[in-house]
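K.L.:
Residue numbers (UniProt numbering), protein chains in the order written: chain A, 1 to 190; chain B, 1 to 190; chain C, 1 to 190; chain D, 1 to 190.
Beta carbons: idealized from backbone N, C-alpha and C, even for Gly.
Let me begin by handing over the structure; questions about it come next.
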DNA sequence: GATGAATGAGTCTTCATTCAT
DNA sequence: AATGAATGAAGACTCATTCAT
């Protein structure tokens, strides 16, 4: 992210820059998606990355692929979170809320390209990490027995969208309210 | 809707056609919004309505105003639903799900123009009808005491978005799953 | 002008309203031309006059004809000014500056339609009243002998344009500066 | 100008063509502004230059910037004229009259964007070159002592406008008449 | 004659995508 | 493989003009 300060036009450094450019593009895309959503112009991302438009297309022929690359990073984080011995779904929700805009952009991307292999791969990772948390939640009695991975997946998507769509000033309040509704629904009743 | 078969360019039928055109535009917009969302090109709506672009702008200078007009119809329906003596939140949810795409478009519109009076007016109607159902729900013990109008409003928004974004074939399943999660959250716990 | 307050939509009063509408249109046009110049949309004038667009076209098929009608009023004033026994060119300039925007709009119209009879008629009236002032100026020794009507006509046009084009806050200063340059040129030297 | 024959759609010649396109756009703009004034459609300029609309916008995001580029060339000429050891204001007026249409377009542009830095820069150059001629004029006794740069600037603007607005066939006569009025005003009176 | 809606062409502007270097 | 300019197709919006009532 340090590299991605906008407007710093790079020289043509040839093939050597390939890996570096890729990183810069992903970082720039994450920023742009956070600010403007998935519908942001492609050119803005290239500009922010300080990379030619052509290079953007070479690395990521479609916006979906770029979104996948961005979210691949994010999901690394999520997996990291989920791997902690005492991690709960709440921790996952915390992360999702913190990255709401990017998450929402990803939800958009998924909606637009459910059939792209890379998208499915990411979906699988997501389901899998959710699965682990669900299992643990059930084990500790923090989660109702009839709540499955797919339910949580849906909740994550709704949470991301809702928070992302709220005006900046109300994000926190909306997140709290939504999570409250969800939690009560997810908690075992008794 | 009967009149709005696309592509049939109308003659200038004079001012008498004004009201009819307005209706055609609203109907066309509802269709288009349902198919393409709020971001659909204005021109597509005019075309679908069989009306010149200028007429569209005359009737609805901004997309928000058009969205409001569309939703004003929908909210009529919702109010009708809510007025039934034994109406429940579930009935409301049924309607929202049935009109998911349009509802989602409206959520977008509201997000984009919270400060437009017409939007606020609609928002107020929505809150008000939800309020009635909430009160009734509490009275009949179908709703937890700590669930308020704003919570339900949020749920409606999430429900609409989620169902609207799901691929056509999965809408019903998604709706069922989402409502299940929500319901358990909204039901009083014993 | 009292009648022309914008937005007051009139009922269809039929033919009886003809003369009145004509007046309202002229007054509205003067206002609009003053505010936005000759390029102002036709519709703005009809709206300001509280008259249907169709009526505007009926009375004034072209913008030129409307401009002529507007200026015909103004030239009445100018002729009135010029008829005063002790009137000077400076009095004319005062009037032109005071009506700079409208005058400039008229200059535009003339430039665009030198061959329209109505325009020529107005031009003749203008030349004629200037002629009177020139003669008187020469007689009183206030004007150089080699300055003719056409020179003054040109000066009037330039004065109007210049003042009209200046930002509102600088009109007076510009008018003063321009008149100073012109005056020294027009005054006899010796 | 040789390259700018209208309608010959070019291939994408890559970045190498950038400078050439820029030139073509400026030349085309000068022509178009001369023919139709500053209000000419942007698309006409792109077409005349044989360049895509997008390229026009890339090079000149606003019409003002394009006008500035056009006039920057013209002012080069004017500065060249003014630098001649024996140059007079009359030489400047000659140039202004010769480029009347473009000059008038520039006056429009300045009026429309007094606050744009590039415009101010050009204005400063103009004032400065006028200043040199004013100083020289005073020194040689060809100019009245109380005539300053601003007066001459105003005269230039009026001259440009007036000549530009005159029908082609009368330009010369109008220029002569206007300059005569101005000159007598600018000359020292004995 | 008046009315005011309808029409559609014309401009502006933004992007996704391609391509020469 | 990188660059960044070129392209042109949309889409938004505004008006001049026409026309049924």
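1) Are the CB atoms of residue 68(B) and residue 122(B) nearer to each other than 7 Å?
2) List the residues of chain B that residue 177(A) touches, going by C-beta distances under 8 Å, in chain order.
3) Does the distance from the C-beta atom of residue 38(B) to that of residue 108(B) stay below 7 Å?
4) What are the residues of the segment 78 to 101 of chain B that lie near chain A, defined by any Cβ-Cβ distance shorter than 9 Å?
5) With the cut-off set at 7 Å, would you say residue 158(B) and residue 158(A) are in Cβ contact?
6) Excluding the five sequence neighbours on either side, which residues of its own chain have a C-beta within less than 8 Å of the C-beta of residue 180(A), listed in chain order?
7) Where residue 135(B) and residue 95(B) are concerned, what is the direct C-alpha to C-alpha distance, given to the nearest angstrom?
8) Please list, in chain order, all residues of the same chain as residue 156(D) whose beta carbon is under 6 Å from its beta carbon, the five residues on each side excluded.
9) Take the Cβ of residue 24(A) as the centre, count every other Cβ of all protein chains shown within 10 Å, and call the residue buried at 16 or more, exposed below.
10) If you measure between the beta carbons of residue 71(D) and residue 106(D), is that distance less than 7 Å?
11) Residue 177(D) to residue 171(D), Cα distance in whole Å?
12) Is the shortest distance between the beta-carbon of residue 76(A) and the beta-carbons of chain B less than 7 Å?
13) Would you mind stating whether residue 33(B) and residue 119(B) have Cβ atoms separated by less than 7 Å?
14) For residue 158(D), return the contacting residues in chain C, with the cut-off set at a CB-CB distance below 8 Å.
15) Is the segment 77 to 91 of chain B in contact with the segment 38 to 52 of chain B, if contact means three or more CB pairs nearer than 8 Å?
16) If the cut is a Cβ gap below 9 Å, which residues of chain B does residue 67(A) touch?
17) So, does the CB of residue 111(B) fall closer than 7 Å to a CB anywhere in chain A?
18) Just the Cα atoms here: how many angstroms apart are residue 174(A) and residue 58(D)?
19) Who are the neighbours of residue 117(D) on chain C, taking C-beta pairs under 8 Å?
20) To be precise: take each residue of the segment 128 to 140 of chain D, compare its Cβ to all Cβ atoms of chain C, and keep it if any distance is under 9 Å. Which residues remain?
21) For residue 165(B), would you say it is in contact with chain A, using Cβ-to-Cβ distances shorter than 7 Å as the test?
22) Would you mind stating whether residue 137(C) and residue 143(C) have Cβ atoms separated by less than 7 Å?
23) Should residue 66(B) and residue 113(B) be called a contact, given that it needs their Cβ atoms to be closer than 7 Å?
24) Quick one: what's got a C-beta closer than 8 Å to residue 165(B)'s C-beta in the same chain, skipping five residues either side?
25) Cutting at 7 Å between CB atoms, please list the residues of its own chain near residue 132(A), excluding the five before and the five after it.
26) Comparing alpha-carbon positions, which option in 89(A), 169(A), 98(A) lies nearest residue 74(A)?
27) Tell me whether the beta-carbon of residue 100(C) lies closer than 7 Å to the beta-carbon of residue 163(C).
28) Give the DSSP-derived three-state secondary structure of residue 51(C) in the structure shown.
29) Using a Cβ cut-off of 8 Å, pull out every chain B residue sitting near residue 114(A), in sequence order please.
30) By DSSP, does residue 167(B) sit in helix, in strand, or in coil?
31) At what residue ranges does the segment 72 to 99 of chain C contain a whole run of the alpha helix (DSSP H), taking only runs of 4 or more?
32) Which two residues bound the contiguous alpha helix (DSSP H) that contains residue 117(C)?
33) Out of 49(A), 17(A), 115(A), 139(A), which one is the CA nearest neighbour of residue 85(A)?
P.N.:
With the given structure in hand:
1) In contact: residue 68(B) and residue 122(B) (Cβ atoms closer than 7 Å).
2) Among the residues of chain B, those whose CB is under 8 Å from the CB of residue 177(A) are 150, 151, 154, following chain order.
3) Yes. Within cutoff.
4) Of all residues in the segment 78 to 101 of chain B, none has a Cβ within less than 9 Å of some Cβ in chain A.
5) Going by C-beta atoms, residue 158(B) is nearer than 7 Å to residue 158(A).
6) Excluding residues within five positions, none has a Cβ falling inside 8 Å.
7) Residue 95(B) has its alpha-carbon roughly 19 Å from the corresponding atom of residue 135(B).
8) So the qualifying residues of the chain are 96.
9) Classification of residue 24(A): buried, given that the 10 Å Cβ count is 16 or more.
10) One thing to note: residue 71(D) has its Cβ within 7 Å of the Cβ of residue 106(D).
11) Between the C-alpha atoms of residue 177(D) and residue 171(D) there is a straight-line separation of about 10 Å.
12) Closer than 7 Å: no.
13) Result no, Cβ atoms of residue 33(B) and residue 119(B) do not sit closer than 7 Å.
14) Those within 8 Å of residue 158(D) in chain C are 158, 161, 162, 178.
15) Touching, no, given that fewer than three Cβ pairs across the two stretches are closer than 8 Å.
16) The premise fails here: residue 67(A) is roughly 15 Å from chain B at the closest Cβ pair, so nothing lies under 9 Å.
17) For residue 111(B), the answer is yes, since a Cβ of chain A falls inside 7 Å of its Cβ.
18) Here the alpha carbons of residue 58(D) and residue 174(A) stand approximately 41 Å from one another.
19) The premise fails here: residue 117(D) is roughly 18 Å from chain C at the closest Cβ pair, so nothing lies under 8 Å.
20) Contacts with chain C (Cβ-Cβ distance below 9 Å) from the segment 128 to 140 of chain D involve no residue at all.
21) Interface residue, yes.
22) In this structure, residue 143(C) lies closer than 7 Å to residue 137(C) by Cβ.
23) No. Outside cutoff.
24) Answer for residue 165(B): 104, listed in chain order.
25) 82, listed in sequence order.
26) Residue 98(A) is the option with its Cα nearest to residue 74(A).
27) Taking 7 Å as the Cβ cut-off, residue 100(C) and residue 163(C) qualify as a contacting pair.
28) Coil, per DSSP.
29) By Cβ distance, chain B contributes 167.
30) Reduced to three states, the DSSP call for residue 167(B) is coil.
31) Look at the segment 72 to 99 of chain C and you find these whole runs of alpha helix (DSSP H), each 4 residues long or longer: 89 to 98.
32) Run containing residue 117(C): 117 to 139, per the alpha helix (DSSP H) assignment.
33) Ranking 49(A), 17(A), 115(A), 139(A) by Cα distance to residue 85(A) puts 139(A) first.
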